[in-house]
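Read left to right, the sequence shown gives residues 287 to 473 (my numbering). Encoded as structure tokens, the structure appears first; notes follow it.
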Amino acid sequence: MRRIAIAIAGASCSGKTTLAESISRTLGATLIRVDDYYRPLDDICYADRCRINFDHPDTIDHERLTADVRALLDGQAVEAPVYDFTRHTRFEYTERVEPNSVIIVEGLFALCYPALVELCDVRIFVEAPHEVCLERRIVRDVASRGRTEEEVTERYHQDVLPMYEQHIGPSGAFATVRVSGVNRLEL
């Protein structure tokens, strides 16, 4: 069976997850979330974890991510990590991910690592204005990640936006398709 990989990248809260979940439901695809591959930080106290710039590509275990995507494309199941955003580290358990004819790799850094980009047949970059992304991020992080609006806004201007300009935005050059994330992206 020929398997294909689809990478979906873009700014934080641009609409990547909504699009990826919609495509996954429509095609019955396997979905890999890049966020689950943040490096484990159990050896660092929580206060120090809170100060880490999680919007830099080095915070992702991209070697394991790439190896897992390669294994899925080869028809092998993987034990993927599961990330806990409230604690800024991985859970102790993993999640078994089965291969499928379509593998979707979704996340901020999906187009940042050359070895991963090479595995992806289709590469989508979701675009949205920074004001829209910040509004969505405030809603999401306050509701589900235990953050305050002030904390989200400060981190957005301190880390998220500069890392977008330095890493995420330029990775859009590897996209084969660019879509707007302003309106709801559902199939």
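All residues carry an ideal CB built from backbone N, CA and C; glycine is no exception.
Within 10 angstroms of the Cβ of T312, are there 16 or more other Cβ atoms? Answer buried if so, exposed if not. exposed
Just to check my reading of the structure: D321 and G393 have Cβ atoms closer than 8 Å, yes? What is that Cβ distance to the nearest angstrom? 5 Å
Please list the terminal residues of the continuous beta strand (DSSP E) segment that includes A293. I290 to G296
Using only CA atoms, which one of I454, Q362, T375 and A333 lies nearest to R481? Since the displayed the chain opens at 287 and closes at 473, residue 481 lies outside it and no answer follows.
Can we say the region 431-451 touches the region 332-342, given the rule of at least three CB pairs closer than 8 Å? yes
Is the beta carbon of I346 closer than 8 Å to that of F395? yes
Inter-residue Cα distance where the pair is A401 and E378: 27 Å
Helix, strand or coil for P367, going by three-state DSSP, please let me know. strand
6 Å Cβ shell around I292 - same chain, five flanking residues per side excluded: Closer than 6 Å at the Cβ level, and outside the excluded window around I292, lie I390 and V408.
Output needed for A357: all residues of its chain with C-beta closer than 7 Å, excluding positions within five of it in sequence on either side, in chain order. V364.
What number of angstroms, rounded off, separates the C-alpha of I424 from the C-alpha of R289? 37 Å
Sort T303, I309, F371 and T304 by Cα distance to P326 and report the nearest one. A check of alpha carbon separations from P326 across T303, I309, F371 and T304 identifies F371 as the nearest.
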